[in-house]
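Asker: Have a look at this one.
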Amino acid sequence: MAKKTIWVEMEENETPEQCITRIEQMGYKPIVRKEEPVFQYFNGEITYFRQKVKFKAELLEEKTKNEKNTNIK
Numbered sequence: 002m003a004k005k006t007i008w009v010e011m012e013e014n015e016t017p018e019q020c021i022t023r024i025e026q027m028g029y030k031p032i033v034r035k036e037e038p039v040f041q042y043f044n045g046e047i048t049y050f051r052q053k054v055k056f057k058a059e060l061l062e063e064k065t066k067n068e069k070n071t072n073i074k
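In terms of our numbering, the sequence shown opens at residue 2 and continues consecutively.
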């Protein structure tokens, strides 16, 4: 059984649209986007390196089941 929610990190050479397409192909729907700064040591100092982007995704089948159950009432 697949996890209900997962975090998917956007790859370095990937656009947000490409990442969302990849998530949907996995059978999930993105629900939250989170960005985190990534730092590195450069010449003995901590410097900003890049931004890490992650999407929280929810399983599509589970959402469909929940919507069907609420529509029955």
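Glycine included, each C-beta is placed from N, C-alpha and C at the ideal position. As the structure is a prediction and not an experimental result, all values here were calculated from the model.
Taking the alpha carbon of Met11 as the point to measure from, which residue in Ile24, Glu59 and Lys4 has its own alpha carbon closest?
Answerer: Ile24
Asker: What does the alpha-carbon distance come out to for the pair Val39 and Val54?
Answerer: Distance between the alpha carbons of Val39 and Val54: 10 Å.
Asker: Are the beta-carbon atoms of Pro31 and Ile21 separated by less than 8 Å?
Answerer: yes
Asker: Please state if the CB of Glu36 and the CB of Gln19 are separated by a distance shorter than 8 Å.
Answerer: no
Asker: Which stretch, first to last residue, makes up the beta strand (DSSP E) that contains Thr6?
Answerer: Thr6 to Glu10
Asker: How should Phe43 be labelled, buried or exposed, when 16 other C-beta atoms within 10 angstroms of its C-beta is the threshold for buried?
Answerer: exposed
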